[in-house]
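A.B. asks: Chains as they are written, first to last, in our numbering: chain Z, 1 to 257; chain W, 258 to 514.
Take a look at this one; I'll ask things after.
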DNA sequence: TTATTATTGTGTCATGACAACACATTAAGC
DNA sequence: GCTTAATGTGTTGTCATGACACAATAATAA
């Protein structure tokens, strides 16, 4: 089976390709149907899911590895991607999980095989535009899909903790930095932007105050009228003023929600 | 020479004791003479300094290692200590530095010796009470002292970058979280607290507005009058209300500077 | 065609945080 | 007792924010 050959090859090559004891786990967030989604991969031979992870090549910058992995899973580059935490529990790895999989593909390993040793993982989180993503599983997974953050399947090892922490950091960041450029299409309406904020914060916001505040940041440009397909009054379309947006990204916003 | 024997022993034992390719660097901040200080160690056999660093034992939690190293350098535990970044450049290590030192103490190494391989480091920063610290150098250093952050000596490898990043994060944190409990003595005056903020932010603040704002957080308790040694009017003494302080640490403050 | 209904655009008002600033109070040194 | 320099306390105008009202628009039902 071709997939298992891929996995076998990973077991065979990994030790000499990758930096030992170091992995990357990226929590990739998207927004769709008014819901905050996370990209998860379904692992082969086991009924568990994982956030987008991978390893660091021996001569590769850790941040570069995160960018590469994001690109491999989504096809996207030039994306908001940020370190948020290092998970360094000596017992965070699940050896049994690796052993089962190696046995299944017939890979002969020794007790000191690299994958069975201690790993620490650097957590990243990414914000991507849902519709631009073309999810691709890696050699260790047989599918890669979006999941609502309120309906998560069983996650491997400490990935639930990683995801929760990423979400916490995202919520904190949202208060001080503009978010949206990476999560929404180029043109969007104010209600859509508001839904995004409400979803991330898990909180209702006042429509009028929200608009006043967002416009107050001066990072939005108002365009012509909306695609008038929707019922009721057609809302304006907006896009981000990239120059001011990036300025705000650096300098931060003000106030809280 | 006893110190060199220590260093030799480190070269000898390190490989089997420590997790490979992983180090910790803690930027330890203190406040004294109205200046923000950093604890630096002077490395043996070379005219460079380093922030408080160390390695992680093979079965030790990364955060636990940071706590241990902080304790080894300062004698303190139960201190504000926080991860802030992972430095993952594949070329951040300076092999020549290690080679020189190994040659000096007469340690015979091979080309694949652990210290000569790639290291990534997890950056932590700590806030400590200056007067409580009893600086102790480690086996790789021959002294350990406080330095004003405006008068830094030459730092090894990427330690200047690490320090700068820590400072940046500290400044950002200061806006949203209370700082001071760990940097000031139990009892302090409002002008002292203000000086601390002014020093970290590198910015003059209005005396009256500062007081109003700090008191507004409700994390301070006013005590009796000041040690009346100083000239002029004696200011009140304050201490932190620990319960409310820790609540504010979790929930964050509000507003900016 | 007209009324209904849901949604968006825009505005008002009271509250509270904050920056800028004034004046009284206290302690040390002359 | 007077000067000086620092601290304790209060005032005012501005601005961001939360709570809320009303008009405008577009699809649907009558």
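From the three backbone atoms N, C-alpha and C, an ideal C-beta is built for every residue, glycine too.
What distance in whole Å lies between the Cβ atoms of residue 118 of chain Z and residue 93 of chain Z, which are believed to be in contact at a cut-off of 8 Å?
C.D. replies: With 8 Å as the limit, residue 93 of chain Z and residue 118 of chain Z qualify as a contact, their Cβ atoms being about 6 Å apart.
A.B. asks: Quick one: is residue 83 of chain Z buried, meaning 16 or more other Cβ sit within 10 Å of its Cβ, or exposed?
C.D. replies: By the 10 Å Cβ count, residue 83 of chain Z comes out buried.
A.B. asks: Which residues, taken in chain order from the stretch 159-182 of chain Z, show a beta carbon closer than 9 Å to some beta carbon of chain W?
C.D. replies: So the close ones are 172, 175, 176.
A.B. asks: Rounded to a whole number of angstroms, what is the C-alpha to C-alpha distance between residue 414 of chain W and residue 5 of chain Z?
C.D. replies: Going by the C-alpha atoms only, they are around 42 Å apart.
A.B. asks: Please look up how many angstroms separate the CB atoms of residue 74 of chain Z and residue 28 of chain Z, rounded, as I've assumed it's under 8 Å.
C.D. replies: About 7 Å; that satisfies the 8 Å criterion.
A.B. asks: Taking one C-beta from the stretch 441-448 of chain W and one from the stretch 364-372 of chain W each time, how about it: are there three or more such pairs within less than 8 Å?
C.D. replies: With the cut-off at 8 Å, the stretch 441-448 of chain W and the stretch 364-372 of chain W do not touch.
A.B. asks: Whose C-beta lies closer than 6 Å to the C-beta of residue 105 of chain Z among residues of the same chain, with five residues either side of it excluded?
C.D. replies: Same-chain partners within the cutoff: 4, 7, 8.
A.B. asks: Using the beta-carbon count (16 or more within 10 Å), is residue 50 of chain Z buried or exposed?
C.D. replies: Buried: at least 16 other Cβ atoms inside 10 Å.
A.B. asks: For the putative contact between residue 169 of chain Z and residue 345 of chain W, defined by C-beta atoms under 8 Å, what is the C-beta separation to the nearest angstrom?
C.D. replies: That pair is no contact at about 18 Å.
A.B. asks: What would DSSP say about residue 426 of chain W, mapped onto helix, strand or coil?
C.D. replies: Helix.
A.B. asks: Does the CB of residue 379 of chain W have a neighbour CB from chain Z at under 8 Å?
C.D. replies: With 8 Å as the cut-off, residue 379 of chain W counts as an interface residue toward chain Z.
A.B. asks: Any beta carbon from chain Z within less than 8 Å of residue 345 of chain W's own beta carbon?
C.D. replies: Output row for residue 345 of chain W: interface = yes.
A.B. asks: Starting from the beta carbon of residue 19 of chain Z, find every residue of chain W whose beta carbon is closer than 7 Å, and list them in chain order.
C.D. replies: Going along chain W in sequence order, the residues near residue 19 of chain Z (Cβ under 7 Å) are 278, 375.
A.B. asks: Give the DSSP bridge partners of residue 478 of chain W, in chain order.
C.D. replies: Answer by DSSP bridge pairing, in chain order: W/496.
A.B. asks: For residue 243 of chain Z, count the other beta carbons within 10 Å of its own beta carbon; 16 or more makes it buried, fewer makes it exposed. Which is it?
C.D. replies: That one is exposed.
A.B. asks: Starting from residue 83 of chain Z, find everything on chain W with Cβ-Cβ shorter than 7 Å and list it in chain order.
C.D. replies: Correct list: 342, 343.
A.B. asks: Please report whether the beta-carbon of residue 258 of chain W lies at a distance below 8 Å from any beta-carbon of chain Z.
C.D. replies: Here the model assigns residue 258 of chain W a pLDDT of 48, short of 50, so the residue's position is not dependable, and the following value carries that caveat. Chain Z contact via Cβ: absent.
A.B. asks: Output, in chain order, the set of chain W residues within a Cβ distance shorter than 7 Å of residue 61 of chain Z.
C.D. replies: Those are 345, 346, 347, listed as they occur along chain W.
A.B. asks: Is residue 1 of chain Z helix, strand or coil by DSSP?
C.D. replies: Low confidence applies here, because residue 1 of chain Z scores a pLDDT of 48, under 50, leaving its location unreliable; read the following figure in that light. Correct three-state label for residue 1 of chain Z: coil.
A.B. asks: Out of Z/237, Z/14, Z/24, Z/250, which one is the CA nearest neighbour of residue 126 of chain Z?
C.D. replies: For the residues Z/237, Z/14, Z/24, Z/250, the minimum Cα distance to residue 126 of chain Z belongs to Z/24.
A.B. asks: If we define contact as Cβ-Cβ less than 8 Å, is residue 186 of chain Z a contact residue for chain W?
C.D. replies: So no, residue 186 of chain Z is outside the interface.
A.B. asks: Taking residue 390 of chain W as part of the alpha helix (DSSP H), name the residues at either end of that continuous run.
C.D. replies: Element bounds for residue 390 of chain W: n/a, residue is neither H nor E.
A.B. asks: For residue 93 of chain Z, which three-state DSSP category applies?
C.D. replies: Three-state result, residue 93 of chain Z: coil.
A.B. asks: Inspect the beta-carbon positions of residue 236 of chain Z and residue 222 of chain Z and report whether they are closer than 8 Å.
C.D. replies: Yes, the pair counts as a contact, with Cβ atoms nearer than the cut-off.
A.B. asks: For residue 392 of chain W, tell me which candidate among W/451, W/379, W/297, W/370 has the shortest Cα-Cα distance.
C.D. replies: Checking every option, the nearest Cα to that of residue 392 of chain W belongs to W/297.
A.B. asks: For a contact meaning CB atoms closer than 8 Å, what does residue 315 of chain W contact in chain Z?
C.D. replies: Residues of chain Z passing the Cβ test: 90, 118.
A.B. asks: How many whole angstroms separate the CB atoms of residue 510 of chain W and residue 474 of chain W, which I take to be in contact at a CB cut-off of 8 Å?
C.D. replies: With 8 Å as the limit, residue 510 of chain W and residue 474 of chain W qualify as a contact, their Cβ atoms being about 6 Å apart.
A.B. asks: Tell me the rounded alpha-carbon separation between residue 95 of chain Z and residue 113 of chain Z.
C.D. replies: Approximately 11 Å between the Cα atoms of the pair.
A.B. asks: Considering only residues of the same chain and omitting the five flanking positions on each side of residue 162 of chain Z, which have a CB-CB separation below 7 Å?
C.D. replies: 25, 27, 51, 87, 123.
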